[in-house]
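Okay, structure first, notes after.
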Amino acid sequence: MSETNPDRDELRLNAALDDELDAAHRLELEREIADDPRLSAAMDRLSAVRTAVRRHVVADPAPARLQVAVAALGRPRQSRLRPALALAACLAVGVFVGAAAQTVLSSMRQPGAVATALVADFARAEIAGRPFDVATSDRHVVKPWLATRAPLGVEAVDLASAGYPLAGGRVAVIGATPVPTLVYQRHEHWIAVTELPLSLAGPSWASAAALDGFHLARWTDKERAYVAVSDIDSPELTDFVAAFRVAATAGASEPK
Amino acid sequence: MISDAARRRYQAIVPPHVDDAYALARWLSGSPIDAEDIVQEAALRALNALETATVEKPRAWFLRIVRNAALTWMAKNRPKAVALAGGIDDLATLESSEFSGDDGSPEAILIAAEDGERVRQAIAALPTPLREALVLREVNGLAYREIADATEAPIGTVMSRLARARATLAKMLEEKR
């Protein structure tokens, strides 16, 4: 036999072990094994190696977050928001917020540069499979983490009870300004809420809009503007915004 | 921008094989954390490729992308390990796979096989071309033809690598410790 290459018998034994021999060759080999103790011992040895490998090489399933990230890449972009739906979304928000804060509903201008930047940020994070820089559902970790990078004005509210667990936080960048972003999870989807100073928020646009297949919602309070970007559909995003605003308002009135 | 058609093809091909991809990436890179990065990189490559590619054997096709992403990753992050593993031409000098039906014993291997850590270390120590063939066969359960597709190698090479991988493992497990 050759010094460096497995010889023909060894290849045949391996092929038999892997069930890659056709019936005729298998029969032939089995007869040879029965007549040749050397071949028989080699086959036992190969079987022992296989037993060892199969016993200890267990294929763990991919972690859930990897499954989610891989599946997210292939989700078709949702169709642009239909005007009727946009109007309904505006009304839904309007009815809800009424007393809570001033909401810009009158202007139906298209989202501007800020929205475009936030959507790009969201898409990049989603494709990279890293929707947040700090991954934790603990709001007492997220807020301090952001405090040294891009401080939040509101509480980092956890909305797990409403079906939107806090997944983490990240810093988005508008121009050269870092802005704090909270990331929430809804099933396999992400919702990013970015807080902006009013000076940076740019001209107001409809409170609900769609850009490049992502849905956006925007609202303001006295000092800040907020933009939510998500790949969930528009009515769901409206529900989320409602839940977020209720919780944030409640959080602000709590003693710190 | 990726078209919706490409995303649909991706959805049918890639997510169903993410467990296989992760197992392969894990055994090639030796690290569960790095395996996640490798699979994500491979998924992105697959999505981009599906803009134009037509795929006949989805699993072998995606595992080939995972394997290539893992090799790229290893060349970048573990240049020493890759250099040690060498090309397929260097394999002859790394180990001789003499047909050794008349030395060693299945019993010694089976005793060593009780020690899971020892078996895993022995597999991890195999040169990359041997390890990937073994993992694709024993962990992913691919047929020879599919392993040939996934590793872009002729089927004879696949057979030879598998035989060498097992002969090398047998020797390592037979050694007394």
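Just so you know, the protein sequences line up as chains A and B, in that order.
Under my numbering, the residue at position 175 of the first sequence is numbered 175, and the numbers go up by one with no gaps.
Under my numbering, the residue at position 53 of the second sequence is numbered 53, and the numbers go up by one with no gaps.
Backbone N, C-alpha and C fix where the C-beta goes; we use that ideal spot for every residue, glycine too.
Being a predicted model, the structure only gives us computed values, none of them experimental.
Taking 7 Å as the threshold, the shortest C-beta distance from B:G116 to chain A falls below it. Per DSSP, reduced to three states, the secondary structure at A:G168 is strand. By the neighbour-count criterion, in which a residue is buried when 16 or more other Cβ atoms sit within 10 angstroms of its Cβ, A:S199 is exposed. In this structure, A:V134 is the residue among A:D121, A:P235, A:A23, A:V134 with its C-alpha nearest to the C-alpha of A:T148. The beta carbon of B:P15 sits closer than 7 Å to some beta carbon of chain A.
In this structure A:A52 is buried. Its beta-carbon is surrounded by 16 or more other beta-carbon atoms within 10 angstroms. Taking a Cβ-Cβ cut-off of 8 Å, A:H25 has no neighbours in chain B, whose nearest Cβ is about 13 Å from it. Rounded to whole angstroms, B:I2 and B:Y10 show a C-alpha spacing of 11 Å. A direct Cα-Cα distance of roughly 10 Å separates A:A115 from A:A209. At least one C-beta of chain B is nearer than 7 Å to the C-beta of A:E20. Taking each of B:I65, B:R64, B:T128 in turn and checking the Cα distance to B:R78, the smallest one comes out for B:T128. Of the other Cβ atoms in all chains shown, 16 or more fall within 10 Å of the Cβ of B:T168; this residue is therefore buried. Chain-order list of chain B residues neighbouring A:Q67: P15, V18, by C-beta distance under 8 Å. Within chain A, the C-beta atoms nearer than 8 Å to that of B:V39 come from A62, L66, V70, in chain order.
With a threshold of 7 Å between beta carbons, A:D44 makes contact with chain B.
Not one beta carbon of chain A lies nearer than 7 Å to the beta carbon of B:M172. Rounded to the nearest whole angstrom, the CA to CA distance from B:L24 to A:P63 is 14 Å. Among the residues facing chain A, B:I109 is included, as its CB has a counterpart in that chain under 7 Å away. With the rule of 3 Cβ pairs closer than 8 Å, the region 147–157 of chain B does not count as touching the region 112–126 of chain B.
Annotation for B:V18: V39 place their beta carbon closer than 7 Å to its own, counting only its chain and skipping 5 residues before and after.
By the C-beta density criterion, B:N140 is buried, having at least 16 other C-beta atoms within 10 angstroms.
A direct Cα-Cα distance of roughly 46 Å separates A:E236 from B:A143. With a contact defined as Cβ atoms closer than 8 Å, B:E174 and B:A108 qualify at about 5 Å. Taking a beta-carbon distance threshold of 7 Å, B:E146 does not count as an interface residue toward chain A.
In its chain, beyond the 5 residues on either side, E126, E188 have a beta carbon closer than 7 Å to the beta carbon of A:A72.
Around B:M172, the same chain offers A122 as residues with beta carbons nearer than 6 Å, after the five sequence neighbours per side are excluded. Here the alpha carbon of A:R12 sits roughly 8 Å from the alpha carbon of A:L21.
Look at A:H187 here: in three-state DSSP terms it is coil, with no helix or strand label. Within 10 angstroms of the beta-carbon of B:E56 lie fewer than 16 other beta-carbons, which makes it exposed.
Per DSSP, the unbroken alpha helix (DSSP H) holding A:H56 starts and ends at 37–56. Contact between the region 218–226 of chain A and the region 164–180 of chain A is absent: fewer than 3 CB-CB pairs across the two stretches fall below 8 Å.
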